[in-house]
Amino acid sequence: MFEPTWRATDIDQVFAARRYGFDQPFAYWGAFNLPGESTQRYVYVRTRVGAIPSSQVIHINDQVQYASNVVNLVVPTFDDARISGGMNGFDVVTASRLFYQYFSDNYDVLAFTPESVSVGSFGAFHMNVQNAVTGLNISTFNQAARYGSAGNLQGVEVYTGAFATRYQDSDHEMAHQWGSDFDWTRIAGISRAGHQPTAHAPLWTGGETLIGAVLFGDRRVATSNGGFTIEQTPPPATYHPIERYSMGVLTPDRVPDFAVFANQDQFDSTNATSPTIGTAVQGDILTVSIADLIKVHGPRTGPTPSTWRRATVLISQNRLASQAEMDYWNFFAQRLADRNGAGRPTYGNFVSFWRATAKAVTLQTAVTPLNNPSLDEQLDTDTPMFGPSDWRGVTFATPVPSRLTVNQTVLVSGHITAPDRADFSRIGLGFWLVNATTPVNFSSTISRSGDFSVPIRFTDSQRGAYQLSVYLFWPGSGSQYPRSSLSTITVE
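The numbering used here puts the first residue of the sequence shown at 303, with every later residue one more than the last.
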């Protein structure tokens, strides 16, 4: 429809203002208004992190290829089906049936992500294909055959942009297999509010929710001086006890009582939000027990997973994905599985599905072909290295580690590549904790030739998950915005 172009300075400004990295390999690019409306749709650009390893790719035919943890299918009708099917009307049936022609029917969920940038009022959604669990306010049914599965497929998901790469989005959508569909109006007498409140968790105490209608997973309610305030969710961000009960991994007797707030729309009546830390939570509370929930919906019965099998499926419209694209999606699909259980919380304190379930359910993402070899690649998703040129304006002498150890000095050297000035005199490396007002700063002078060497050493009290921002200064420059900011760097 249109072919916009941007100047290099525009690109620099976008990446100076947006955080990206291994925990978020994309950046917000901008928004556009729908024709004749004030409604906006957001556009994101995928960002490759330089040290992502190359993956072996097996080409089956002009429609199908795969790597160890991602399948790529060419399905021309996948996005076009929205013309008649509506915003959520992707052609997942055709894509699923094509998948099962070449790959094993042993997955619980197929997670589709279009190569083209699909825009809508959502970043992702989950559709149940079948449900055999009672007590969740979800009817039992089985439509697996429609998608080409003999009965193993539980759900399908569609992720726009690159949301399929992030812990928080995948944890959110996978949890929708079990809800959150409880009728809190009947259980606690409250009026619902927030994002799609009949299918998301209300404002409550007892821990964070990863599928909230009112709060995003990086916020939760804390008790403070006899009242309630908003706090940053500490690491690791896990599912609420009610959500783990829904999955079947927490028995009713282990679900503690909690409170639901009468005023559900005090932050935003139609969206989930991340209110400012310390914001007071207003309104009366209603104490709820698991017995109250069971009284309304009955006890939970049905299968309880110990392993959840997910296939990440990259959908192309006209051609198979390039090697670089397959490397990108394969790395992040395997990262979600946290195969070694050694992944660390992100800058926002989100964790893998296994850790979010309190280590009750493992996630498997390996691709299992029917008539072709499996590819057992063990990628380093635990301690990946940032590329020397991942930060704009500088080139580091060596890759930058994503984990640092306290009380050990690391020398970060490199060369200035920013073209906008010739008199840069000082470089600053600012390590920011989430919601911090000041960073942990390290700096050094820049030589006339543009070289620098910054010693970095963290103390025991400075452990945490950081965003690293690079700042460049010149004589009389004063404070500066970062040239770019990447995350997560874990100090432990």
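Where is the CB? At the ideal position from N, CA and C, for every residue including glycine.
Proximity winner among W331, S751, Q769, V742, relative to R759 (alpha-carbon distances): V742
Identify, in the order they occur along the chain, each residue of the same chain with its Cβ nearer than 6 angstroms to the Cβ of W610, setting aside the five sequence neighbours on each side. D410, V663, L665
Give the DSSP-derived three-state secondary structure of T500 in the structure shown. helix
Specify the secondary structure class of T540 as computed by DSSP and reduced to three states. coil
So the candidates are S624, R494, W693; which of them puts its Cα closest to the Cα of V372? S624
Can you tell me whether I748 is buried or exposed? The criterion is at least 16 other CB atoms within 10 Å of its CB, across all chains shown. buried
In its own chain, which residues sit with a C-beta less than 8 angstroms from the C-beta of D483, not counting the 5 before and 5 after it? L438, N439, I440, T500, A501
Assign Q326 to one of two classes, buried (16 or more other C-beta atoms within 10 Å of its C-beta) or exposed (fewer than that). buried
Give a yes or no on whether the C-beta atoms belonging to T648 and A767 are separated by under 9 angstroms. yes
Going along the chain, which unbroken runs of the beta strand (DSSP E) with 3 or more residues stay wholly within the region 373 to 461? 411 to 416, 426 to 430, 457 to 461
Mind checking P757: buried by the 16 CB within 10 Å criterion, or exposed? exposed
Let me know if V708 comes out buried or exposed under the rule of 16 or more other beta-carbons within 10 Å of its beta-carbon. exposed
Just the Cα atoms here: how many angstroms apart are M303 and T761? In this predicted model, M303 has a pLDDT of only 45, less than 50, meaning its place in the structure is not dependable; the value taken from the coordinates is given anyway. Roughly 54 angstroms between the two C-alpha positions.
Pick from Y630, F414, R621, F655 that is closest to S608, judged by C-alpha positions: F655
Are the CB atoms of I718 and F775 within a distance shorter than 9 angstroms? no
Would F465 be called buried (16 or more neighbouring beta carbons within 10 Å of its own) or exposed? buried
Check for me: the alpha helix (DSSP H) holding W308 runs from which residue to which? Neither: W308 is in no alpha helix (DSSP H) and is coded neither H nor E.
Just the C-alpha distance for M687 and G491, rounded to the nearest angstrom, thanks. 51 angstroms
Spell out the partners DSSP gives A626 in its beta bridges. Answer is none; A626 lacks a bridge partner.
For R765, I'd like the list of residues in its chain whose CB is within less than 8 angstroms of its CB, leaving aside the five on either flank, ordered along the chain. V708, V793, E794
Which residues bound the alpha helix (DSSP H) around S472? 469 to 477
Close beta carbons around I579, own chain, < 7 angstroms, minus the five adjacent residues each side: I532, E533, Q534, N737
Using beta-carbon positions only, say whether F652 and P355 come within less than 9 angstroms of one another. no
Going straight from the alpha carbon of L279 to that of A515, what length do you get? Because the chain in this structure spans residues 303 to 794, residue 279 falls outside the shown range and cannot be described.
Within its chain, find whatever has a CB closer than 7 angstroms to the CB of F324; leave out the 5 residues flanking it on each side and keep chain order. V351, P686, S704, T790
Have a look at Q342, A319, T606, N433 and flag the residue whose alpha-carbon is nearest the alpha-carbon of Y547. T606
What residues are listed by DSSP as bridge partners for G514? A503
So, is Y322 buried or exposed, given that buried needs 16 or more other C-beta atoms within 10 angstroms? buried
Which residue from V347, Q367, E545 puts its Cα closest to that of M628? Q367
From G643 to V669, what does the alpha carbon distance come to, in whole angstroms? 19 angstroms
Nearest neighbour of W486, chosen from Y449, T396, I592 [CA to CA]: I592
Thinking just about the alpha-carbon of each residue, which of Y541, S786, N674 is nearest to the one in T697? S786
CB-CB under 6 angstroms to F744, same chain, minus the five flanking residues each way: which ones, in chain order? L731, V756, I758
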